[in-house]
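The structure appears below as structure tokens.
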Amino acid sequence: MRSHYCGAINESHIDQEVTLYGWVHRRRDHGGVIFLDLRDREGIAQVVVDPDTEDAFAKAESVRSEFVIAIKGRIRRRPEGTINKDMPTGAVEVLGKELTILNASATPPFQLDGYVDVGEDTRLKNRFLDLRRPEMLNKLRFRSKVTSYIRNFLDGQDFMDVETPILTRATPEGARDYLVPSRTQPGSFFALPQSPQLFKQMLMVSGVDRYYQIAKCFRDEDLRADRQPEFTQVDIECSFVDENTLMNIMEQMVREMFHDLLNVDFSSFPRIPYSEAMAKYGSDKPDLRIPLEFTDVADLVAPVDFKVFAGPAKDPKGRVVALRVPGGASISRKQIDEYTKYVGIYGAKGLAWIKVNELEKGAEGLQSPIVKFLGDDVAMQIMSRLGAENGDIVFFGADKAKVVNEAIGALRVKVGEDLDLFTCKWAPCWVVDFPMFEETSNGGLTAIHHPFTSPACSPAELKESPESALSQAYDMVLNGTELGGGSIRIHDGEMQKTVFGILGIDDEEAQEKFGFLLDALKYGCPPHGGLAFGLDRLVMLMTDSQSIREVIAFPKNQSATCMLTQAPGTVDAKQLKELNINVRKSVKEES
Numbered sequence: 019m020r021s022h023y024c025g026a027i028n029e030s031h032i033d034q035e036v037t038l039y040g041w042v043h044r045r046r047d048h049g050g051v052i053f054l055d056l057r058d059r060e061g062i063a064q065v066v067v068d069p070d071t072e073d074a075f076a077k078a079e080s081v082r083s084e085f086v087i088a089i090k091g092r093i094r095r096r097p098e099g100t101i102n103k104d105m106p107t108g109a110v111e112v113l114g115k116e117l118t119i120l121n122a123s124a125t126p127p128f129q130l131d132g133y134v135d136v137g138e139d140t141r142l143k144n145r146f147l148d149l150r151r152p153e154m155l156n157k158l159r160f161r162s163k164v165t166s167y168i169r170n171f172l173d174g175q176d177f178m179d180v181e182t183p184i185l186t187r188a189t190p191e192g193a194r195d196y197l198v199p200s201r202t203q204p205g206s207f208f209a210l211p212q213s214p215q216l217f218k219q220m221l222m223v224s225g226v227d228r229y230y231q232i233a234k235c236f237r238d239e240d241l242r243a244d245r246q247p248e249f250t251q252v253d254i255e256c257s258f259v260d261e262n263t264l265m266n267i268m269e270q271m272v273r274e275m276f277h278d279l280l281n282v283d284f285s286s287f288p289r290i291p292y293s294e295a296m297a298k299y300g301s302d303k304p305d306l307r308i309p310l311e312f313t314d315v316a317d318l319v320a321p322v323d324f325k326v327f328a329g330p331a332k333d334p335k336g337r338v339v340a341l342r343v344p345g346g347a348s349i350s351r352k353q354i355d356e357y358t359k360y361v362g363i364y365g366a367k368g369l370a371w372i373k374v375n376e377l378e379k380g381a382e383g384l385q386s387p388i389v390k391f392l393g394d395d396v397a398m399q400i401m402s403r404l405g406a407e408n409g410d411i412v413f414f415g416a417d418k419a420k421v422v423n424e425a426i427g428a429l430r431v432k433v434g435e436d437l438d439l440f441t442c443k444w445a446p447c448w449v450v451d452f453p454m455f456e457e458t459s460n461g462g463l464t465a466i467h468h469p470f471t472s473p474a475c476s477p478a479e480l481k482e483s484p485e486s487a488l489s490q491a492y493d494m495v496l497n498g499t500e501l502g503g504g505s506i507r508i509h510d511g512e513m514q515k516t517v518f519g520i521l522g523i524d525d526e527e528a529q530e531k532f533g534f535l536l537d538a539l540k541y542g543c544p545p546h547g548g549l550a551f552g553l554d555r556l557v558m559l560m561t562d563s564q565s566i567r568e569v570i571a572f573p574k575n576q577s578a579t580c581m582l583t584q585a586p587g588t589v590d591a592k593q594l595k596e597l598n599i600n601v602r603k604s605v606k607e608e609s
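For the sequence shown, my numbering begins at 19 and goes up steadily by one.
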């Protein structure tokens, strides 16, 4: 059988007899000599087949790309002038003596021996071929290294790997559950877990003390580049810790992993309060590589007659910010129009701007359709507050605070990318001191993280002022992407009931949905906290991929469809009858 992987041979193997197995990556005829690039998961080896070996040569003439073959031969040094320094195996080649065709291949629907611009659905439909590409195999290999590294680190920190159920009960966690009908209990349903949250808290009550799991989780929600209906999370929980202890352990893990796997050293993990992150960047996951910050100017524009600015400035729920972009005056009007459309995606009704051409001329040196509405004095006061200089452009956001934060926050990142304003390649941070609750559209309150997060105050203080209460929650952010989030959990029954009450969950509903948790809190629940990392997002960032679909072996597409198996699919009437389910026709089908 195989003696070496194709990608593992090197100069130390010269004159050795080897047996290689793999796929024909490329076939080339050169003056009567046939060259085969043979590929397996570890890389590519060049095989030379001479006419002197008649049987092997005849077979080499018949093979095509993606044929599966076995080669027996001798490793030799490549002739001078033919060494390929870009290949790990580029100093040697295999002189083929025997060639066996193990399986032929039809012509692939896309090239595998180089970059080809093919639609993602085509790649996903033929994922078994797509994964043969070295780029994709390398990502899967790297993902395996990451998971092994995490397991080894956590094992070394005395965490215990414990599996939790996949079939569980639906809970109101803010996103839709995938439901599984019960055959044995007609009319009842299991839910696939959005996270193992309650089970890992039960494990803390049980005395496991330190738990982790590489867990599959499921959410039936709209998809984006960093979302999948099923995803993998590194789930962690431990007892008798505070925020700092837990954050320090997680920071150590990420630091060491990036150093050992990527040779990247993080200088620091700044801890940024949520309020500061929203004030400066309009986001609770700021990309700190981009040196642009919001400046609030509501107090300066409130007195002007320009209602577009004055209205939000006087609204308690409004916000007016300026975003100064050094050197941005070179941005064309066409590009500004594109940015205007872009912020419209986030609900902004427009995008005001001022170009700073000649500041020494006062307001006359400013180029913008809005200066006349602001007045010269206010315009120059804004420039002074911003520290504006010639050649800058200033963008403005004025609306409800949520719209401003999302629209100008997205613009900040977009402009930073377009103008290549990045000051470094990696910028991690912690976002801390989150509010406990946020207001819903109907005037109620909902938990920003989840209802099991511990407030940073007493139950009495929480009841008195829930809107201003802070939580003991923390998110790790890298390059504008949330890697993981967690919190210290509620371990006291009175506090848990208080939180439920603020969320409008009465005692009866709480007992029905979370009775097992409330019962557990009665029996000596230790103080505990945890965190969950999105493994797919982490690997996506570490491999510089554009989507988590690039680092998952068999992902769903943006319509939550598996193009390979065509799941989800219909089931026959017999199965539905066994599950006591009737499928209602859609309005379109009925018409």
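Note that CB positions come from ideal geometry on N, CA and C, so glycine has one too.
Computed from a predicted structure; not experimentally measured.
Looking at the structure shown, is E248 part of a helix, part of a strand, or coil, going by DSSP?
strand
Is S293 closer than 9 Å to N423 when the C-beta atoms are compared?
no
Measure the C-alpha to C-alpha separation of L437 and A571 and round it to an integer number of angstroms.
34 Å
Confirm, please, whether the CB-CB distance from I267 to Q175 is below 9 Å.
yes
Between the C-alpha atoms of Y167 and M275, what's the straight-line distance to the nearest angstrom?
7 Å
Can you round the beta-carbon distance between I426 and F413 to whole angstroms, since I take them to be within the 8 Å contact cut?
7 Å
Please report the residue range of the beta strand (DSSP E) in which I411 lies.
I411 to K418
Tell me, please, whether the segment 386 to 394 touches the segment 256 to 273 by the rule of three or more beta-carbon pairs shorter than 8 Å.
no
Pairwise C-alpha distance: D173 and I363:
45 Å
Residues that P199 bridges to, as DSSP identifies them
F207
I'd like the ranges of any alpha helix (DSSP H) spanning at least 4 consecutive residues and lying wholly in the segment 524 to 587.
525 to 539 and 553 to 560
Taking all protein chains shown into account, decide if Y541 is buried (16 or more other Cβ within 10 angstroms of its Cβ) or exposed.
exposed
Looking at P183: is its Cβ nearer than 9 Å to the Cβ of L597?
no
What residues match up with T107 in a beta bridge as DSSP calls it?
None; T107 has no bridge partner.
So, with DSSP's three-state summary, where would you put P484?
helix
Using only CA atoms, which one of I93, G108 and R94 lies nearest to T100?
G108
With a 10 Å radius around its C-beta and 16 neighbouring C-beta atoms as the bar for buried, classify R141 as buried or exposed.
buried
Pick helix, strand or coil for A291, following the three-state DSSP scheme.
According to the sequence as given, residue 291 is Pro; it is not Ala. In this structure, P291 counts as strand in the three-state DSSP scheme.
Within this structure, are the beta carbons of A331 and A340 separated by less than 9 Å?
no
Please work out which residues of its chain come closer than 6 Å, Cβ to Cβ, to G192, disregarding the five sequence neighbours upstream and downstream, and give them in chain order.
Legend: pLDDT at G192 = 46, less than 50; position of this residue unreliable, value from coordinates given subsequently. Correct list: empty, nothing qualifies.
CB-CB length for K157 against T561, believed under 8 Å:
5 Å
R57 versus G25: straight-line alpha-carbon distance, rounded
8 Å
Between E261 and I506, is the Cβ-Cβ spacing less than 9 Å?
yes
How close, in whole Å, do the beta carbons of L496 and L553 come, if the pair is a contact with beta carbons under 8 Å?
Incorrect: roughly 14 Å between the Cβ atoms, too far for contact.
Distance check for E60 and E29, CA to CA, integer angstroms please.
17 Å
Which residues in the same chain have their Cβ closer than 7 Å to the Cβ of L155, if we skip the five residues on either side of it in sequence?
R59 and L149
Using beta-carbon positions only, say whether L216 and F534 come within less than 9 Å of one another.
yes
If distances are taken between C-alpha atoms only, which option among R187, P204 and V589 comes closest to L197?
R187
Got a sec? Which residues, its chain only, sit under 7 Å from K481 by beta carbon, not counting five neighbours each side?
T516
Let me know if M19 comes out buried or exposed under the rule of 16 or more other beta-carbons within 10 Å of its beta-carbon.
exposed
Does DSSP put I168 in a helix, in a strand, or in coil?
helix
By DSSP, does Q64 sit in helix, in strand, or in coil?
strand
Measuring alpha carbon to alpha carbon, tell me which of G409, D314, L377 and V326 ends up nearest V343.
G409
Note the first and the last residue of the continuous beta strand (DSSP E) segment covering Q231.
R228 to F236
Supposed contact pair A550 and G504 - C-beta distance, whole angstroms, cut 8 Å
6 Å
Between the CA atoms of I254 and G548 - distance to the nearest angstrom:
5 Å
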